[in-house]
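Participant: Residue numbers (our numbering): 43 to 475.
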Amino acid sequence: MTLTDATHAPRLKSWVSSANSGSTDFPIQNLPYGRFRPAGTGEPWRIGVAIGDQVLDLKLALAPCPWAPGLAELLQPLADGDLNAFMVQGRKAWKQVRAALSAALAEGSGQAPFLERCLRPQAACEMALPCRIGDYTDFYAGIHHATTIGKLFRPDNPLLPNYKWVPIGYHGRASSIGLGGTVKRPSGQLKGAADAPVFGPSQRLDYELEVGAFVGRANAQGEPVPLGDAEDALFGLVLLNDWSARDIQAWEYQPLGPFLAKSFASSISPWIVTMEALAPFRHPFTRPDGDPQPLPYLDGDFNRASGAIDMTLEVWLQTAAMRAAGHAPVRLSQSNLSDAYWTWAQMLTHHTSNGCNLQPGDLLGSGTLSGPSDDSRASLMELSAGGKQPLSLPGGETRTFLQHGDTVTMRAWCFSTGAVRIGLGEVSGTIVG
Ligand code: MN
43 MTLTDATHAP
53 RLKSWVSSAN
63 SGSTDFPIQN
73 LPYGRFRPAG
83 TGEPWRIGVA
93 IGDQVLDLKL
103 ALAPCPWAPG
113 LAELLQPLAD
123 GDLNAFMVQG
133 RKAWKQVRAA
143 LSAALAEGSG
153 QAPFLERCLR
163 PQAACEMALP
173 CRIGDYTDFY
183 AGIHHATTIG
193 KLFRPDNPLL
203 PNYKWVPIGY
213 HGRASSIGLG
223 GTVKRPSGQL
233 KGAADAPVFG
243 PSQRLDYELE
253 VGAFVGRANA
263 QGEPVPLGDA
273 EDALFGLVLL
283 NDWSARDIQA
293 WEYQPLGPFL
303 AKSFASSISP
313 WIVTMEALAP
323 FRHPFTRPDG
333 DPQPLPYLDG
343 DFNRASGAID
353 MTLEVWLQTA
363 AMRAAGHAPV
373 RLSQSNLSDA
383 YWTWAQMLTH
393 HTSNGCNLQP
403 GDLLGSGTLS
413 GPSDDSRASL
423 MELSAGGKQP
433 LSLPGGETRT
443 FLQHGDTVTM
453 RAWCFSTGAV
463 RIGLGEVSGT
473 IVG
């Protein structure tokens, strides 16, 4: 099955010159959606499409520009700033609008004279969450993370017996999801060596590098989504930093799982890169020799042939002292989404397999996406071996967990031969007291 179309053609260029630089996250092959307004204006939020270092303002673009018949109706929710309402229209509409935006922004487009006036520099825009996030579920699909963390507690038997059979997850907190910026260190119950816990600021504050998937289509309660339909229910991907207080987590997590150790803040990148844009980076989903194949409800031809996505993921750190001394951020890890043990379709199908209803705008987290090597460990808990091996930083500092003023930045991009590189942009957060 061919997943790509004219919108992915590597030769395609835009009349927006910054989109053709080769290094931008947002070439014309990407076309991600974000919710924005001109900075400092207090104007209503609207949806825009990132193109190079510009945003195409779909509120401005709707009326003056000639669009093909039927397209204005599909664009209206975007002009209204309501991405959830756009999602409800379904994959056929998503593809139709992508094709129309691609044609309108392509070199030689007759719509260019109209749309030139609808561009704004990204630097002059403020961003909001891209949509209403009704529910948030965090999975645990990073098998290398699960193994490394498991080893800290069970050196001989790091993975629990269910891990290779069932996509593990828990219900997270949607209200505290934001775009990063400043993140306040949480306080909570901390249990040290003493008999009784104390209440105070977390001393073991960590990040988790994850990817988030936005659900785009609802399923009715009691009606599971079969794996063959799951791809049509997925709208797009963002970066997700699942901030985690390890000391609060260690004391509270048994028997019901994470609670206040996670719910104080989660941060996502502002641009949703659609599943359509990711088509050139699909590849086969396989299991290592000797591992069980998924149960039939989590197995299918498309999933085996194209379920995985090749996406490079990075975490960067800059401390307050590094910033003051002019030291650039340092890269802490590089890993890949294709190390996930489950595909997005499998996670969505499993989520609905008991009849649970998902809704447009629901967010699914992948779990911490570490790789197998030492430089691919996607949390400080792993990099510092549970706080026992401090990391050395430029300027002579060390870190086991995050300190005040530390800025954590995550980036992701996709590249493959015969396709133009696209990126997810970044999510950045600084710890404050
Ligand atoms: Mn997590």
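The beta-carbon is built from N, C-alpha and C at its ideal position, and this holds for glycine as well. Treat the numbers as computed from the prediction; the structure is a model and nothing was measured.
Is residue 192 near ligand 1, going by C-beta to nearest heavy atom under 7 Å?
Facilitator: No.
Participant: Please report the straight-line C-alpha distance between residue 156 and residue 53, rounded to a whole angstrom.
Facilitator: One C-alpha to the other measures close to 24 Å.
Participant: Quick one: residues with CB closer than 5 Å to any heavy atom of ligand 1, in chain order, please.
Facilitator: Here the residues come out as 180, 250 and 284.
Participant: Using three-state DSSP, classify residue 369 as helix, strand or coil.
Facilitator: Correct three-state label for residue 369: coil.
Participant: Below 8 Å CB to CB, which residues in the same chain sit around residue 395 once its five sequence neighbours on both sides are set aside?
Facilitator: Once the five neighbours on either side are set aside, the close Cβ partners of residue 395 are 266 and 339.
Participant: Just the Cα atoms here: how many angstroms apart are residue 246 and residue 443?
Facilitator: Computed Cα separation, rounded: 5 Å.
Participant: Identify whether residue 187 lies in helix, strand or coil by the three-state DSSP scheme.
Facilitator: DSSP places residue 187 in helix when its eight states are reduced to three.
Participant: Report the rounded CA-to-CA distance for residue 285 versus residue 309, giving the unit in angstroms.
Facilitator: In a straight line, the C-alpha of residue 285 is about 8 Å away from that of residue 309.
Participant: Please classify residue 96 as buried or exposed, where buried requires at least 16 neighbouring CB atoms within 10 angstroms.
Facilitator: With 16 or more Cβ atoms within 10 Å of its Cβ, residue 96 is classed as buried.
Participant: Which residues bound the beta strand (DSSP E) around residue 252?
Facilitator: Here the beta strand (DSSP E) through residue 252 covers 251–257.
Participant: For residue 375, write down the residues that DSSP places opposite it in a beta bridge.
Facilitator: BP columns for residue 375 point to 357.
Participant: Cβ atoms of residue 311 and residue 466: under 8 Å apart, would you say?
Facilitator: Contact flag set, yes.
Participant: Using beta-carbon positions only, say whether residue 261 and residue 126 come within less than 8 Å of one another.
Facilitator: Not closer than 8 Å, so no.
Participant: Could you give the residue range of the alpha helix (DSSP H) that holds residue 424?
Facilitator: Here the alpha helix (DSSP H) through residue 424 covers 422–425.
Participant: Identify which residue in 253, 386 and 220 has its Cα closest to the Cα of residue 306.
Facilitator: Here the closest residue by C-alpha is 220.
Participant: Would you mind giving the Cβ-Cβ distance between residue 251 and residue 129, rounded to the nearest angstrom? I have them listed as a contact below 8 Å.
Facilitator: The pair is not a contact, with the Cβ atoms about 25 Å apart (cut-off 8 Å).
Participant: Using the C-alpha atoms, what's the distance from residue 300 back to residue 337?
Facilitator: Going from the Cα of residue 337 to the Cα of residue 300 covers about 27 Å.
Participant: Report the partner residues of residue 208 according to the DSSP bridge assignment.
Facilitator: Bridge partners of residue 208: none, in fact.
Participant: The alpha helix (DSSP H) spanning residue 128 covers which residue range?
Facilitator: Element bounds for residue 128: 125–130.
Participant: Between residue 58 and residue 93, how many whole angstroms is the CB-CB distance? I'm expecting something under 8 Å.
Facilitator: Confirmed, about 5 Å.
Participant: Tell me which residue opens and which closes the beta strand (DSSP E) that residue 389 is part of.
Facilitator: First-last for residue 389: 386–394, but that is the alpha helix (DSSP H), not the beta strand (DSSP E).
Participant: Rounded C-beta distance between residue 248 and residue 214? I'm assuming under 8 Å.
Facilitator: With 8 Å as the limit, residue 248 and residue 214 do not qualify as a contact, their Cβ atoms being about 16 Å apart.
Participant: Near residue 153, which residues of its chain fall below 7 Å by C-beta distance, leaving aside the five closest residues on each side in sequence?
Facilitator: Correct list, in chain order: 107, 108 and 146.
Participant: Can you tell me whether residue 72 is buried or exposed? The criterion is at least 16 other CB atoms within 10 Å of its CB, across all chains shown.
Facilitator: Label assigned to residue 72: buried.
Participant: Between which two residues does the alpha helix (DSSP H) holding residue 115 run?
Facilitator: Unbroken alpha helix (DSSP H) run through residue 115: 113–121.
Participant: With which residues is residue 213 paired in a DSSP beta bridge?
Facilitator: DSSP lists 179 as partners of residue 213.
Participant: Pull up the distance between the alpha-carbon of residue 370 and that of residue 116, whole angstroms please.
Facilitator: Spanning the two alpha carbons is a distance of roughly 44 Å.
Participant: Would you list, in sequence order, the uninterrupted beta strand (DSSP E) runs of no fewer than 3 residues that lie entirely inside the segment 431–461?
Facilitator: Counting only runs of 3 or more, we get 449–456.
Participant: Which whole-angstrom value describes the C-beta separation of residue 354 and residue 454, a residue pair presumed to lie in contact below a C-beta threshold of 8 Å?
Facilitator: Confirmed, Cβ separation roughly 7 Å.
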